[in-house]
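Encoded as structure tokens, the structure appears first; notes follow it.
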Amino acid sequence: MDPRLRGDDEREKSCLSAKRFPRTPQATMASSHPMTQASPLLPPADWRDFLALTKPRVLTLVVFTGLCGMLAAPVPIHPVLGFTAILCIALGAGAAGTLNQWYEADLDALMKRTAGRPLPAGRMEKQSALHFGVGLGAFSVILMGLALNYAAAAILAVSILFYVLIYTVWLKRRTPQNIVIGGAAGAFPPLIGWAAATGEVAALPVLLFMFVFLWTPPHFWALALFVKTDYANAGVPMLPVVAGEKVTRRQIGLYTIPMALAAVAPWPLGLTGVIYGLVSLAMTAWFGWLALRVATRTTGADDAMLPEKALFKYSILYLFVVFGALVVDRWVA
Numbered sequence: 001m002d003p004r005l006r007g008d009d010e011r012e013k014s015c016l017s018a019k020r021f022p023r024t025p026q027a028t029m030a031s032s033h034p035m036t037q038a039s040p041l042l043p044p045a046d047w048r049d050f051l052a053l054t055k056p057r058v059l060t061l062v063v064f065t066g067l068c069g070m071l072a073a074p075v076p077i078h079p080v081l082g083f084t085a086i087l088c089i090a091l092g093a094g095a096a097g098t099l100n101q102w103y104e105a106d107l108d109a110l111m112k113r114t115a116g117r118p119l120p121a122g123r124m125e126k127q128s129a130l131h132f133g134v135g136l137g138a139f140s141v142i143l144m145g146l147a148l149n150y151a152a153a154a155i156l157a158v159s160i161l162f163y164v165l166i167y168t169v170w171l172k173r174r175t176p177q178n179i180v181i182g183g184a185a186g187a188f189p190p191l192i193g194w195a196a197a198t199g200e201v202a203a204l205p206v207l208l209f210m211f212v213f214l215w216t217p218p219h220f221w222a223l224a225l226f227v228k229t230d231y232a233n234a235g236v237p238m239l240p241v242v243a244g245e246k247v248t249r250r251q252i253g254l255y256t257i258p259m260a261l262a263a264v265a266p267w268p269l270g271l272t273g274v275i276y277g278l279v280s281l282a283m284t285a286w287f288g289w290l291a292l293r294v295a296t297r298t299t300g301a302d303d304a305m306l307p308e309k310a311l312f313k314y315s316i317l318y319l320f321v322v323f324g325a326l327v328v329d330r331w332v333a
């Protein structure tokens, strides 16, 4: 048969097949959605996509609190070992963030704030993210154990597993208290840094752990108040979605009280000096004022949620300054 005739015949069969089995709009949308494309169609992931999986902004705060915990320890640490410890903390936190995004890719696709991440945007296969996260986590724990000590490695492993299994898998989609319990994952770095230098845990790093643990709910709920629509659309039971703004504001105010006590406690207990004491008092007082504004705000006017945004932004600066004062206090003393 003439090849041209064979080509015409094949096109005719294709047209007949299309008429018998028309492509529905749903099918067209499903095939074009990045999360449902066949893996061979995905382009190779860029290094920036792998970096984005580690949540660099969160990573900065985690590394800083871990570094301060290590520098505040009474035992000096060799610079090479200190760098290795901080590297392990960064890799471990990056692993937790990666596995969080791997598990929550479906939720991220439903929220404007996270839809541009590598997995929901279709720039990477989920299997690649899984392998990357597991590899980072395993390497960080093994390196910490071999280069520093097994106590620091054990706490690092617990922090990764807590964030992935307890917070991400168990709590995030089930309870509005997810961030309260899950916040413990972000409170481990000072303990890890201290243990890396000393090989043990003491009263001061435990207080630092409690400080960050109690800081997390008001910090995160302030954010949740002005992105609650995202969480509602994704079906995530964050406190503003489930209990409403009024309850969330009250909880922010209530959690600020024990947080303030934990922040200032190292000074009267004799674990730090006057520099830390004065800085923590001043910074915590301003945090309390902002939290009070949020807690007592009753209007629902469209004013861009200014008190909530102010508290959220300040809460990040607050943690950096208080932990920085801890290191300065220890070095000056």
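The UniProt record's numbering numbers the first residue of the sequence shown as 1 and each following residue consecutively.
Here a beta-carbon is modelled for each residue, glycine too, at the ideal position from N, C-alpha and C.
Cβ distance (whole Å) where residue i is taken to contact residue j below 8 Å
i, j, result
"residue 182", "residue 166", "6 Å"
"residue 209", "residue 187", "5 Å"
"residue 262", "residue 207", "6 Å"
"residue 140", "residue 88", "5 Å"
"residue 205", "residue 66", "That pair is no contact at about 10 Å."
"residue 226", "residue 308", "5 Å"
"residue 124", "residue 176", "Not confirmed; about 31 Å, so no contact."
"residue 168", "residue 103", "5 Å"
"residue 264", "residue 172", "No, residue 264 and residue 172 are not in contact; Cβ-Cβ is about 31 Å, not under 8 Å."
First and last residue of the uninterrupted alpha helix (DSSP H) at residue i
i, result
"residue 308", "306-332"
"residue 228", "228-234"
"residue 89", "79-103"
"residue 259", "245-264"
"residue 60", "56-71"
"residue 271", "From DSSP, residue 271 is part of no alpha helix (DSSP H); its letter is neither H nor E."
"residue 240", "239-242"
"residue 46", "Run containing residue 46: none; DSSP gives neither H nor E here."
Alpha-carbon spacing of residue i relative to residue j, whole angstroms
i, j, result
"residue 310", "residue 50", "31 Å"
"residue 94", "residue 133", "7 Å"
"residue 328", "residue 282", "16 Å"
"residue 335", "residue 69", "Residue 335 cannot be examined here, being either before or after the span of the chain that is shown, 1 to 333."
"residue 253", "residue 320", "21 Å"
"residue 330", "residue 72", "6 Å"
"residue 259", "residue 223", "17 Å"
"residue 109", "residue 121", "7 Å"
"residue 314", "residue 164", "27 Å"
"residue 322", "residue 306", "24 Å"
"residue 280", "residue 269", "14 Å"
"residue 39", "residue 333", "Any reading at residue 39 must be qualified, since the residue scores a pLDDT of 43, below 50, and its modelled position is unreliable; no value is offered."
"residue 137", "residue 157", "8 Å"
"residue 285", "residue 61", "21 Å"
"residue 266", "residue 180", "23 Å"
"residue 291", "residue 105", "32 Å"
"residue 326", "residue 228", "34 Å"
"residue 211", "residue 174", "25 Å"
"residue 296", "residue 287", "14 Å"
Proximity test, residue i beta-carbon vs the ligand FMN heavy atom, cut-off 8 Å
i, result
"residue 314", "Looking for the ligand FMN in the displayed structure turns up nothing, as the structure carries no ligands at all."
Is the segment 52-64 touching the segment 85-99 in the sense that three or more CB pairs, one from each, lie closer than 8 Å? yes
Could you tell me which uninterrupted alpha helix (DSSP H) segments, each at least 4 residues in length, are contained entirely in the segment 137-201, listed from first to last along the chain? 150-161, 178-182, 184-187, 189-198
Answer yes if the segment 102-114 comes into contact with the segment 238-246, meaning at least three C-beta pairs across the two stretches below 8 Å, and no otherwise. no
Quick test of the definition: if touching needs 3 or more C-beta pairs under 8 Å, does the segment 193-202 touch the segment 74-94? yes
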